[in-house]
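Everything in the sequence shown is counted per my numbering, starting at 24 for the first residue and increasing by one.
Backbone N, C-alpha and C define an ideal beta-carbon position, used for all residues, glycine too.
The block underneath contains the structure these notes are about, expressed in structure tokens.
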Amino acid sequence: MKLLIINGPNLNFLGIREKGIYGDKDYSTLLNLINKKADDLNIQVEVFQSNGEGEIIDRLQKSYDEEVDGIIINPAAFTHYSYAIRDALASLSLPKIEVHISNIHQREEFRHKSVTAAVCDGQIAGLGLDGYLLAMEAIVNICDRKNEGTE
Ligand code: DQA
């Protein structure tokens with residue numbers, strides 16, 4: 024099983040940006056936690072980060088032709104206004120989970136709205152970096168149930 028994890032703009036600045044909101048762990052710590060979780064779950068994982076909307080869309084489209092079983096995406100600020108990323112997600116029929124490190128619903132009004140969550144299976148917000156690890160567990164369960172259903 025292979026998961027693709029996509030991180031949007033400024034997430035590479037974890038540990039530098041707004042530590043009171045996103046914590047003091049840096050991006051390489053997040054990558055280590057994800058890789059360790061993938062080992063524990065015995066799955067493959069690729070993590071892609073980009074600050075560009077088009078690059079994120081290109082990466083999503085590329086997954087159409089690949090052996091990817093599920094997608095976890097933190098679209099970062101694009102969450103709140105990128106119809107283009109929403110459309111790219113909507114065109115993929117595999118399991119998808121949206122993750123936010125912070126609780127977007129407790130923050131500024133413009134962050135309360137996600138235009139991308141409706142085309143995902145679910146959303147995890149406000150649980151810090153654990154959100155990614157919980158999403159990995161959840162997506163493996165969704166994929167397992169899907170496979171059981173087709174066998
Ligand atoms: C974020 C929340 C977004 O509102 C913000 O623009 C981000 C990070 C989060 O993980 O909490 O860059 O997606």
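Query	Result
Tell me whether the beta-carbon of I44 lies closer than 9 Å to the beta-carbon of I124.	yes
Name, in chain order, the residues that DSSP records as bridge partners for I29.	F71 and I96
Measure the alpha-carbon distance for C166 versus Q129 and round it to whole angstroms.	31 Å
Which residue wins for smallest C-alpha separation from A141, given the options L83, D110 and L152?	D110
Over the uninterrupted beta strand (DSSP E) stretch that includes D123, give me the two end residues.	For the record, residue 123 in the displayed sequence is His; it is not Asp. Element bounds for H123: K119 to H123.
Looking at the structure shown, is I39 part of a helix, part of a strand, or coil, going by DSSP?	coil
DSSP state of I108, grouped into three classes?	helix
Using the beta-carbon of each residue, find all residues closer than 6 Å to any heavy atom of the ligand DQA and list them in chain order.	N33, N97, A99, A100, T102, H123, I124, S125, I127 and R134
If you reduce the DSSP assignment to three classes, tell me which class G22 lands in.	The question about residue 22 has no answer, for the chain in this structure spans 24 to 174.
From L115 to Y87, what distance separates their C-alpha atoms?	7 Å
Count Cβ pairs between the region 157 to 172 and the region 131 to 139 that sit closer than 8 Å; are there 3 or more?	no
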